[in-house]
Every structure is written in C-alpha cells, then in structure tokens.
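Down below is the structure, laid out as structure tokens.
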Amino acid sequence: MRNRALLSLLAALWLSALAAVPASADEGWVITSFHSDIHIAADSTLAISEDIRVDFGAMQKHGIFRTIPIRYRYDDTHDRYYELTV
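In this text, residue positions in the sequence shown follow the working numbering: the first is 201, and each later residue adds one.
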C-alpha cells in the first residue's frame, strides 16, 4: 500500500513537472498535443503510454528527445533509483 502511494505521488509530480515546462515556439516548433495514460498495477509497477504530437513547421526534424528521470532524491544522504524499460 505504501509503495502504491509513493508511485502515485511520483506520477503526480511527474505530470506536474511536464505541465510546468511549456513548449517553446522560439525554436521553430511547438507541441500541439500531449496525452498520457498511466496504469498502476497491483505490484506497484507503472505502465505509462504517451502520445506527443509536434508541429515542426518548416524545420526538418527526426523527432524529439525525451528525458525521463530514474533517480529521485530521497533524503540528504540517499537517492531512489527506478528501473525503466522503453
């Protein structure tokens, strides 16, 4: 139960961090749509699926780079690491 609460909190913080960083039109491209489905399993694992749509305008791009943190500060002397598969 405690793990589920922790993972729910991490998911909420993760989503709020995404909302806090606006797409920048200064670079010539803009994120036009973002959708995320989050499933929390009974064993406290997360399955997250994202659909990110980007308008690159006249710029020829191959896609976006997505950074997902796997290390979170726990306290002053410990960090928590989470396994990530893509």
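The beta carbon of each residue, even a glycine, is placed where N, CA and C say it ideally should be.
Exercise. Give every residue of the same chain whose Cβ lies closer than 8 Å to the Cβ of A258, excluding the five residues on either side of it in the sequence, and list them in chain order.
Key: Taking C-beta separations shorter than 8 Å and ignoring five residues to either side along the sequence, the partners of A258 in its chain run G228, following chain order.
Quiz item: Roughly how far, in whole angstroms, is the beta-carbon of R253 from the beta-carbon of S233, given that I think they are within contact range, below 8 Å?
Solution: Right, their Cβ atoms sit about 4 Å apart.
Quiz item: Do you know offhand how far R273's Cα is from Y281's?
Solution: Taking the straight line from one Cα to the other gives about 9 Å.
Practice problem: Classify L284 as helix, strand or coil using the three-state DSSP reduction. | Solution: Of the three classes helix, strand and coil, the one that applies to L284 here is coil, per DSSP.
Quiz prompt | Of the residues D251, H239 and H278, the one placed nearest S208, counting alpha carbons only | solution = Among D251, H239 and H278, the Cα nearest to that of S208 belongs to H239.
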